[in-house]
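For the sequence shown, the working numbering gives the first residue as 154, with consecutive numbering after it.
Each residue gets a CB set at the ideal place from its N, CA and C atoms; glycine is no exception.
Heads up, the thing below is written out as structure tokens.
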Amino acid sequence: MPRDDRLTLELMLDTANRLRGLARQVGRRAFDEDDVARLASLHLIQRLGEGASRLSADFRAAHPEFPWAEMIGMRNRIVHGYDDLDP
154 MPRDDRLTLE
164 LMLDTANRLR
174 GLARQVGRRA
184 FDEDDVARLA
194 SLHLIQRLGE
204 GASRLSADFR
214 AAHPEFPWAE
224 MIGMRNRIVH
234 GYDDLDP
């Protein structure tokens, strides 16, 4: 595995763990009422999509079990279509 892919995956794993921790800490009910938690979640989801876009095409092709295109698409929607999102 190329070094860049390994570093990107490590960052993505850290980001996913932060997102999971935030979801556990806040809980669904509070999450629905907490703008800061929702915006933080959007940022973390954006980071996951950015990481997915930085992985080599070979790595993504070797791991079709992950929804790479959807992750990248969500990142693009958050970044470029923010007025269409309901945080």
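The alpha helix (DSSP H) with residue i in it runs from where to where?
i           : result
glycine 174 : 156-179
Looking only at its chain, what residues have a beta carbon closer than 7 Å to the beta carbon of residue i, apart from the 5 residues adjacent to it on each side?
i              : result
isoleucine 231 : Leu195, Ile198, Gln199 and Leu238
leucine 208    : Asp158 and Thr161
methionine 227 : Ile198 and Gly202
Just the C-alpha distance for residue i and residue j, rounded to the nearest angstrom, thanks.
i            : j              : result
arginine 171 : leucine 164    : 11 Å
serine 206   : isoleucine 225 : 6 Å
arginine 181 : leucine 166    : 22 Å
leucine 201  : asparagine 229 : 11 Å
glycine 204  : alanine 169    : 11 Å
For residue i, collect the residues of the same chain with a Cβ closer than 8 Å to its Cβ; drop the 5 residues on either side in sequence, then sort them by chain order.
i          : result
valine 254 : Past the boundaries of the shown model lies residue 254; the chain is included only from 154 to 240, so the question cannot be answered.
Per DSSP, what kind of secondary structure is residue i in: helix, strand or coil?
i             : result
glycine 204   : helix
glutamate 218 : coil
serine 194    : helix
Residues in the same chain with beta-carbon distance under 6 Å from residue i, minus the five sequence neighbours each way, listed in chain order, please.
i                 : result
phenylalanine 212 : Asp158
Would you call the stretch 186-195 and the stretch 212-224 in contact, with 3 or more CB pairs under 8 Å? no
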